[in-house]
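**Q** Got a structure for you, questions after.
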Amino acid sequence: MSWRSHGTTTNDSLIDALEANKLIKSPASVVGKAMRKVDRKCYVLERDKLESAYRDHPLSIGANATISAPHMHAMCLELSREYLKDSEDGRGNGRVLDVGSGSGYLVACFAEMLLASSSSKEGAGNNVVVGIEHIDSLVERSIKNLTEDGKEEMIKNGSITIVKGDGRLGYEALAPYALIHVGAAAPEVPSALLSQLASPGRLIIPVGGENESQSLMVIDKNEDGEIEYRDEMGVVYVPLTDEKHQLER
Ligand code: SAH
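According to this note's numbering, the sequence shown is numbered sequentially starting from 1.
Here you go:
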């Protein structure tokens, strides 16, 4: 079912398909609204812009990395929704970390969801989505992609920050994060990510070895700092690894 959520020649047609297949199901379509403001075409390679940008498939973005399939993005955004609200609204603190940000697509979606959930302009001023990526060429291209998609102002005003670094260590400078999303599979949950998670906070991370079965884990930290693990579903992700290993894969 999920593999059939193909769009045609417009981003809206892709989001329509995801909504029709109930992959986007949040009330008032909070996720749908954000995904409509992020044009997938801007985040794929030149060769895929015409034919494949709105198909429900992962696509190569170079450096042995992929932009995830739209249905996976939609599912992760649905799982993130409650933690993207602004501080007055309970579980969000306006801070999100996207580990292995690759194309920059999800960073843009998180930033749009945070903006939509901020009750005031002042609230929006505290929002920040940090994308951390360890491959130089992907860092550069993601900034270009975000700019092409009209997110330059968000980069300028600090609501989007792309940094180069090893995401297994998180990004201490702007911690704690109400939401940490990891876009690559880790053999085990990195302890730095757990400690940089706010209380309350949610960590969404595929766990499992390379070419082994992997689980998308949803890890919640409550107000008292207690941690609860849930296995959401089986998934296939590229590994969360070091630069050398990734480029030699
Ligand atoms: N959500 C992204 C997923 C990209 S694929 C998208 O849809 O575009 C996973 C990404 O994780 C790749 O870009 C890869 O370079 C990155 N990655 C893998 N290991 C990493 C590490 N240790 N630190 C930072 N990024 C890493």
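Beta carbons: idealized from backbone N, C-alpha and C, even for Gly.
Beta strand (DSSP E) containing HIS245: first to last residue?
**A** If you number the sequence shown from 1, residue 245 lands on position 245. No beta strand (DSSP E) contains HIS245, which is instead part of the alpha helix (DSSP H) from 243-248.
**Q** By how many angstroms is the C-alpha of PRO58 removed from the C-alpha of GLU19?
**A** Position 19 of the sequence shown, counted from the start, is the residue given in the question as residue 19. Position 58 of the sequence shown, counted from the start, is the residue given in the question as residue 58. Rounded to whole angstroms, GLU19 to PRO58 spans 19 Å at the Cα level.
**Q** Please list, in chain order, all residues of the same chain as TYR177 whose beta carbon is under 7 Å from its beta carbon, the five residues on each side excluded.
**A** Start at 1 with the first residue of the sequence shown, and residue 177 comes out as number 177. For TYR177, where only same-chain residues beyond five positions count, the Cβ hits under 7 Å are ARG95, VAL96, LEU97, GLN196, LEU197, ALA198 and GLY201.
**Q** Grab me the residues of ILE15's own chain with a C-beta within less than 6 Å of its C-beta, minus the 5 sequence neighbours each way, in chain order.
**A** Mapped onto the sequence shown, residue 15 falls at position 15. These residues qualify, in order along the chain: GLY32, MET35 and ARG36.
**Q** Given 8 Å as the limit, tell me if SER52 has its C-beta closer than that to any heavy atom belonging to the ligand SAH.
**A** On the sequence shown, position 52 is the one that residue 52 refers to. No, the beta carbon of SER52 sits no closer than 8 Å to any heavy atom of the ligand SAH.
**Q** Could you pull out every unbroken alpha helix (DSSP H) segment of at least 4 residues lying fully inside the region 68-99, listed in chain order?
**A** 70-80
**Q** In the DSSP assignment, find the beta strand (DSSP E) that holds TYR229 and state where it starts and stops.
**A** To locate residue 229, count along the sequence shown from 1; it is residue 229. Run containing TYR229: 227-235, per the beta strand (DSSP E) assignment.
**Q** Among the residues of its own chain, which have a CB less than 8 Å from the CB of MET1, if the five just before and after it don't count?
**A** Taking the first residue of the sequence shown as 1, we reach residue 1 at position 1. Because the pLDDT of MET1 is 45, which lies under 50, any placement of that residue in the model is unreliable, and the number read from its coordinates should be weighed accordingly. In its chain, beyond the 5 residues on either side, ASN21 have a beta carbon closer than 8 Å to the beta carbon of MET1.
**Q** Considering GLY32, what are the terminal residues of the alpha helix (DSSP H) in which it resides?
**A** If you number the sequence shown from 1, residue 32 lands on position 32. Start and end: 30-36.
**Q** Label ASN157 either buried or exposed according to how many other C-beta atoms from any shown protein chain fall within 10 Å of its C-beta, with 16 as the threshold for buried.
**A** Walking along the sequence shown from the start, residue 157 turns up at place 157. Its Cβ having fewer than 16 others within 10 Å, ASN157 is exposed.
**Q** If ALA116 sits next to VAL30, beta carbons under 8 Å apart, how far is it from one beta carbon to the other, in whole angstroms?
**A** In the sequence shown, counting from the first residue as 1, residue 116 sits at position 116. In the sequence shown, counting from the first residue as 1, residue 30 sits at position 30. Cβ-Cβ separation between ALA116 and VAL30: approximately 7 Å, consistent with a contact (criterion under 8 Å).
**Q** Report the option in ASN222, ASP231, ALA185 and PRO190 whose CA atom is closest to the CA atom of ASN211.
**A** Sequence index remark: in the sequence shown, residue 211 carries index 211 (1-based). Checking every option, the nearest Cα to that of ASN211 belongs to ALA185.
**Q** Quick check: the Cα distance between ILE24 and ALA74, rounded to an integer number of angstroms?
**A** Taking the sequence shown and counting its residues from 1, the one referred to as residue 24 is at position 24. Taking the sequence shown and counting its residues from 1, the one referred to as residue 74 is at position 74. Taking the straight line from one Cα to the other gives about 6 Å.
**Q** Suppose contacts are defined by Cβ-Cβ distances below 9 Å. Is GLY170 in contact with PRO187 by that definition?
**A** As a working mapping, residue 170 is identified with position 170 in the sequence shown. As a working mapping, residue 187 is identified with position 187 in the sequence shown. No. Outside cutoff.
**Q** To the nearest angstrom, report how far apart MET233 and THR8 are at their CA atoms.
**A** Taking the sequence shown and counting its residues from 1, one reaches residue 233 at position 233. Taking the sequence shown and counting its residues from 1, one reaches residue 8 at position 8. Going by the C-alpha atoms only, they are around 28 Å apart.
**Q** Measure the C-alpha to C-alpha separation of THR10 and ILE227 and round it to an integer number of angstroms.
**A** Within the sequence shown, residue 10 is the residue found at index 10, counting from 1. Within the sequence shown, residue 227 is the residue found at index 227, counting from 1. Separation of THR10 and ILE227 (C-alpha to C-alpha, rounded to the nearest whole angstrom) is 41 Å.
**Q** What does the Cβ neighbour count give for GLU133, buried or exposed, with the cut at 16 atoms within 10 Å?
**A** Sequence index remark: in the sequence shown, residue 133 carries index 133 (1-based). Buried, because 16 or more other Cβ atoms sit within 10 Å of the Cβ of GLU133.
**Q** In chain order, what residues of the same chain have a beta carbon less than 7 Å from the beta carbon of ALA69, not counting five sequence neighbours either side?
**A** As a working note, residue 69 is residue 69 in the sequence shown. The residues are ASP56, HIS57 and PRO58.
**Q** Can you tell me the Cα-Cα spacing of ALA53 and MET154, whole angstroms?
**A** Your numbering for residue 53 matches position 53 in the sequence shown. Your numbering for residue 154 matches position 154 in the sequence shown. Roughly 23 Å separates the two Cα atoms.
**Q** Determine, using beta carbons only, whether SER137 and ILE162 come nearer to each other than 9 Å.
**A** Position 137 of the sequence shown, counted from the first residue, corresponds to residue 137. Position 162 of the sequence shown, counted from the first residue, corresponds to residue 162. Contact: no.
**Q** Terminal residues of the continuous beta strand (DSSP E) containing LYS221?
**A** As a first step, residue 221 must be located in the sequence shown, where it is residue number 221. Counting along the chain, the beta strand (DSSP E) containing LYS221 begins and ends at 214-221.
**Q** Kindly list the residues whose CB is nearer than 8 Å to the CB of GLN214, restricted to its own chain and excluding five residues on each side of it in sequence; keep chain order.
**A** Numbered from 1 along the sequence shown, position 214 holds the residue referred to as residue 214. If we look at GLN214 and ignore the five residues flanking it on each side, its Cβ neighbours are ALA185, PRO206, VAL207, GLY208, GLY234, VAL235, VAL236 and TYR237.
**Q** Starting from ILE155, trace the alpha helix (DSSP H) in both directions and tell me its first and last residue.
**A** Position 155 of the sequence shown, counted from the first residue, corresponds to residue 155. Where ILE155 is concerned, the enclosing alpha helix (DSSP H) starts and stops at 152-156.
**Q** With a cut-off of 8 Å on the beta carbons, I'd call LEU193 and LEU203 a contact; round off their distance for me.
**A** As a working note, residue 193 is residue 193 in the sequence shown. As a working note, residue 203 is residue 203 in the sequence shown. With 8 Å as the limit, LEU193 and LEU203 qualify as a contact, their Cβ atoms being about 6 Å apart.
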